[in-house]
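A.B. asks: Per the working numbering: the sequence shown = residues 8 to 97. Sending over a structure as structure tokens; questions will come in a sec.
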Amino acid sequence: MKMTMHIDEDVLDRVMKITGAKTKTQAVEIALTEMARRHKLKELLSQGLGMTPDQLKAEFAPTAADQFDRQILQVAEDKAPYVQSGPAGQ
């Protein structure tokens, strides 16, 4: 559908940079699609996924295993060899 719109150029430029949109039309389509997706997600979450607030909290609360995973990742990052290299073969 073709239409004329007045859109803040700074906002449109920012959306194009954030999304990697090649055209202004593509940037507007991406932004509108994302807005619709967020609204749908908000509706789903407001329904509580069929769980009580306590059940939701228990389901998504961090666990001891999450903390263990973070520790493992930190150790791996600390021991990872960071090598600065030049062109291939150097």
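Just so you know, even glycine gets a beta-carbon here, dropped at the ideal spot from N, CA and C.
Using a Cβ-Cβ cutoff of less than 8 Å, which residues in the same chain neighbour Lys9 once the five nearest sequence positions on both sides are dropped?
C.D. replies: Once the five neighbours on either side are set aside, Lys9 has no close Cβ partner at all.
A.B. asks: Put Ala38 into one of helix, strand or coil per three-state DSSP.
C.D. replies: Note: Ala38 maps to helix in three-state DSSP.
A.B. asks: Contact check, Ala28 vs Ala34 under 8 Å by CB: the rounded distance?
C.D. replies: 4 Å between Cβ atoms; contact.
A.B. asks: Let's see if you can read the secondary structure: which residues bound the alpha helix (DSSP H) around Ala65?
C.D. replies: Unbroken alpha helix (DSSP H) run through Ala65: Pro60 to Phe67.
A.B. asks: Secondary structure at Ile14, three-state DSSP: helix, strand or coil?
C.D. replies: Ile14: coil per DSSP, three-state reduction.
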